[in-house]
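Visitor: For the sequence shown, numbering that gives the first Met the number 0 gives the first residue as 0, with consecutive numbering after it.
C-beta: ideal position from N, C-alpha, C; glycine also.
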Amino acid sequence: MEIVEKELLENGYPDLRDVVPLIPDNDWCWWVLEVEALGLADAVVEELFGGYAASRPGIAWPGVVRLAEGIGQSVDVLVVATRSEADYVREELDRDDFSRCLVLFRIFDSGEAALGVSADVPQGREIIEGFLALWDRG
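1) Is it right to say residue 67 is buried, meaning 16 or more other beta carbons lie within 10 angstroms of its own, or is it exposed?
2) What did DSSP end up calling residue 32 once you bin it into helix, strand or coil?
3) Between residue 87 and residue 57, how many whole angstroms is the CB-CB distance? I'm expecting something under 8 Å.
4) Could you check which residue in 59, 106, 101, 20 has the C-alpha nearest to that of residue 120?
5) If you compare alpha carbons, which of 2, 0, 91, 6 is closest to residue 107?
6) For residue 85, count neighbouring C-beta atoms within 10 Å of its own C-beta (all shown protein chains included) and say buried if the count is 16 or more, exposed if not.
7) Pull up the DSSP beta-bridge partners for residue 102, would you.
8) Tell me the rounded alpha-carbon separation between residue 184 and residue 63.
9) Which of the three DSSP states, helix, strand or coil, is assigned to residue 54?
10) Under three-state DSSP, which class holds residue 9?
11) Mind checking residue 14: buried by the 16 CB within 10 Å criterion, or exposed?
Here it is in C-alpha cells:
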C-alpha cells in the first residue's frame, strides 16, 4: 500500500469530505476506527452506527459519504476499506498494519492527513494524485 502524508493547511483543509469524491463508488467494507470531529451531529452518528458507536461497525460506501458530509472539521479520523468483512482484523489495524486494506484515510491531531491506496485498486495512482492536488487548491 502506498501511503502519502501531508501537513494540513491552516484551516484544517483538506478533510474527509474532500477525499470522498476522489474514490469511485464501490462495494467495499468501510470501517470507521476513529472519528473525532467538529460539527459532527449526533444524529449522523446514530444513523450510521446505531447504538454501536463505540465499536464502529463496518458501513457501506453511502455511509462513508454521509459521514463525510456530516463533519465540519476533523480532529482525529481513521477510516479504512477492506474487500470483505473477513479482511478486517482489528489486531493488525491496532499495530498500524494496513496490508489487508484497500484504502485508508487518517487525520491526526488536526495537523496531518494521510491517504493510503493498495496496489489492488486500479485507480490508485489517480486517487493519490487527486489527494496531493488538494493542497494546490488550498
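Guide: On the basis of the data shown:
1) buried
2) Strand.
3) Sure, about 7 Å apart at Cβ, within 8 Å.
4) 101
5) 6
6) exposed
7) 80, 116
8) Because the chain spans 0 through 137 in this model, residue 184 falls outside it and cannot be assessed.
9) Interpretation of residue 54 is limited by its pLDDT of 48, a score under 50 that renders its predicted location unreliable; no figure is taken from the coordinates.
10) Coil, per DSSP.
11) buried
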